[in-house]
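To start, the structure itself, in structure tokens.
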Amino acid sequence: MIEFLDLTIEQAKEALNDAGFPRYKANQILDWVYKKEVYQFEDMTNISKKDAQILVDLFSIRLPKVALEQKSKDGTTKYLMELADGNMVECVLMDYSYGTSICISSQAGCRMNCSFCASGKDGLERNLTPGEMTGQIISAGRYSGRKIARVVVMGTGEPFDNYSNFINFLELATSPEGLGIGQRRITVSTCGIVPAIYEFADYDSQVNLSISLHETLDEERSSIMPVNRKYPISELMKACRYYIKKTNRRISFEYALIPGKNDSREDALRLAQLLKGMLCYVNIIPVNRIDGFDYRGNPTENTRMFYDILGNHDIHVTVRRELGNDIDAACGQLRRSHADKVRNRNQHGKGQGTK
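When we follow the numbering used here, the leftmost residue of the sequence shown carries the number 114, and every step to the right adds one.
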């Protein structure tokens, strides 16, 4: 059976045409799914019972289910969503002056193993399909009753490690016949998979690109981001300059301030030199506390010092607004917390059974 939400708009039209549906009926079905939010073929009132049965026999529409919800006092809402195979992924709704933004996951788990991120601590389970990425947006919007204005692909997983599915997701998210979200309202974040950055530059979209940088020296970056051993900073910067030249789009460099690790005056000066003359800005991220790691929130004075040095060297810089500090808001925290509880419960149950 074909998962309907995994098909791009053109793929869906082709599959419906192969099933005997003329173009106008295919357009009606797409309108029901993506505009009217009807996910039971039998409920599509201008589709005959015979045609509805054909659809039921050929296609499925399985949205992620909200398994757990956490609400912060600042309005941030985090969902743990269960996929059809039982895997869990996270997404976060955040309210800003321009509307509600959602941060979605691209993989169940992650293989990048960045030391400051909880997502990769248990490794990669599998890639998410285009429909599972799209489904997070649909399910979060329906469950919360909020209209989602922007999308950030910056949750669990590395989008460029799941590149083809991510590109098909973009087709679904941005198509006027799909979710209809403007390309400039979508941001994708990568830890620095260089070949995919070149490929994404040639894809030539208006989607925003964000690079998780976090260090300026190869040895130090490799110690916290193993991807740097394969794609060192010099290669990453070369790919970023190619992207800027090809698209004329500004890159956001994410820089998580880790106390005693990358937050010194010298670090700030090296970062300013590294990015000199580039069409970019730096987004300083105060590190969320993660159970099992030694990192703690960065002192305000260090954040201000870093901000001032970059600004004085003509680097555009922002400090990310901290949201959801009273919930498991950092990538992978809620999923790991849930998995730990399940493991503990299973171990406890096994212990009881042997008595």
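Positions of the beta carbon are idealized from the N, C-alpha and C atoms, including for glycine.
inquiry  = By the three-class DSSP mapping on this structure, what secondary structure does Thr287 have?
reply    = As a first step, residue 287 is located in the sequence shown; it is residue number 174 there, counting from the start. Reduced to three states, the DSSP call for Thr287 is helix.
message = Taking 8 Å as the threshold (beta carbon to beta carbon), is Asn240 in contact with chain B?
response = In summary, chain B is missing from the structure at hand, where a single protein chain is found.
DSSP beta-bridge partners of Val432 = One-based indexing of the sequence shown puts residue 432 at position 319. Val432 pairs with Ile397.
ask   = Are Leu370 and Val400 touching if we call contact CB-CB under 8 Å?
value = For the purposes of this step, residue 370 is taken as the residue at position 257 of the sequence shown. For the purposes of this step, residue 400 is taken as the residue at position 287 of the sequence shown. Yes; because the gap between Cβ atoms is below 8 Å, this pair is in contact.
task = Identify whether Thr329 lies in helix, strand or coil by the three-state DSSP scheme.
result = Here residue 329 refers to the residue found at position 216 of the sequence shown. Thr329: coil per DSSP, three-state reduction.
inquiry  = With distance defined between alpha-carbon atoms, name the residue in Asn396, Phe154, Arg239 nearest to Gly199.
reply    = On the sequence shown, residue 199 is found 86 positions in, with the first residue counted as 1. Per the Cα distances, Arg239.
query = According to DSSP, which residues form a beta bridge with Ile261?
reply = What you label residue 261 is simply residue 148 of the sequence shown in a count that begins at 1. According to DSSP, Ile261 bridges with Thr213.
key: Span of the beta strand (DSSP E), counted from its first residue to its last, around Met194   = Here the question's residue 194 lines up with position 81 in the sequence shown. 190 to 195 is the extent of the beta strand (DSSP E) around Met194.
ask   = What is the DSSP secondary structure of Ile174, reduced to helix, strand or coil?
value = Position 61 of the sequence shown, counted from the first residue, corresponds to residue 174. Looking at Ile174 - three-state DSSP - the assignment turns out to be coil, as it is neither helix nor strand.
task = Return the chain-ordered list of same chain residues with a C-beta closer than 7 Å to the C-beta of Tyr311, the five sequence neighbours on each side being excluded.
result = Taking the first residue of the sequence shown as position 1, residue 311 is located at position 198. Ala352, Tyr355, listed in sequence order.
message = In chain order, what are the residue ranges of uninterrupted alpha helix (DSSP H) at least 4 long that sit wholly in the segment 311 to 374?
response = 331 to 337, 340 to 343, 346 to 360
message = Taking 7 Å as the cut-off, is the beta-carbon of Ile294 closer than that to any non-hydrogen atom of the ligand ATP?
response = Ligands in the displayed structure: none, and consequently the ligand ATP is not present.
task = For my contact list, Gln249 and Ile294 are in at a C-beta cut-off of 8 Å; report their separation, rounded to the angstrom.
result = Against the sequence shown, residue 249 aligns to sequence position 136. Against the sequence shown, residue 294 aligns to sequence position 181. With a Cβ gap of about 13 Å, Gln249 and Ile294 do not count as contacting.
ask   = Do Ile357 and Ile346 have their C-beta atoms within less than 8 Å of each other?
value = Walking along the sequence shown from the start, residue 357 turns up at place 244. Walking along the sequence shown from the start, residue 346 turns up at place 233. Cβ distance not < 8 Å, so Ile357 and Ile346 don't count as in contact.
key: Per DSSP, cross-strand counterpart(s) of Ile115   = Translated into positions along the sequence shown, residue 115 becomes position 2. Ile115 pairs with Phe172.
inquiry  = Considering just the uninterrupted stretch of the beta strand (DSSP E) at Thr72, what are its terminal residues?
reply    = Since the first and last residues shown for the chain are 114 and 468, residue 72 lies out of range.
Inter-residue CB distance, Thr300 and Ser323 (contact presumed, cutoff 8 Å) = Here residue 300 corresponds to residue number 187 of the sequence shown, with the count starting at 1. Here residue 323 corresponds to residue number 210 of the sequence shown, with the count starting at 1. Indeed they touch by this definition, with Cβ atoms about 6 Å apart.
task = Kindly give me the distance between the Cβ atoms of Gln220 and Glu150, rounded to whole angstroms, as I take these residues to be in contact under 8 Å.
result = Against the sequence shown, residue 220 aligns to sequence position 107. Against the sequence shown, residue 150 aligns to sequence position 37. Contact flag wrong, Cβ pair sits at about 26 Å.
inquiry  = I need the straight-line Cα distance from Lys468 to Arg298, nearest angstrom please.
reply    = Counting from one through the sequence shown, the residue named residue 468 turns up at place 355. Counting from one through the sequence shown, the residue named residue 298 turns up at place 185. Its pLDDT being 32, under 50, Lys468 is placed unreliably by the model, and the measurement read from it follows with that caveat. Cα to Cα, the separation comes out at about 57 Å.
Candidates Cys393, Asn278, Lys374, Met391: closest to Asn415 by CA position = On the sequence shown, position 302 is the one that residue 415 refers to. Among Cys393, Asn278, Lys374, Met391, the Cα nearest to that of Asn415 belongs to Lys374.
request  = Return yes when the Cβ of Val307 is within less than 8 Å of the Cβ of Tyr368, no when it is not.
outcome  = To locate residue 368, count along the sequence shown from 1; it is residue 255. To locate residue 307, count along the sequence shown from 1; it is residue 194. Contact flag unset, no.
request  = Using three-state DSSP, classify Leu129 as helix, strand or coil.
outcome  = Numbered from 1 along the sequence shown, position 16 holds the residue referred to as residue 129. Helix, per DSSP.
query = When we look at the beta-carbon of Gly291 and count the other beta-carbons within 10 Å, is it buried (16 or more) or exposed?
reply = The count along the sequence shown starts at 1 and reaches residue 291 at position 178. Buried, by the Cβ-count rule.
ask   = Hey, Phe273 and Ala309 are a contact pair by Cβ (cut 8 Å); roughly how many whole angstroms apart?
value = Translated into the one-based positions of the sequence shown, residue 273 becomes position 160. Translated into the one-based positions of the sequence shown, residue 309 becomes position 196. Right, their Cβ atoms sit about 4 Å apart.
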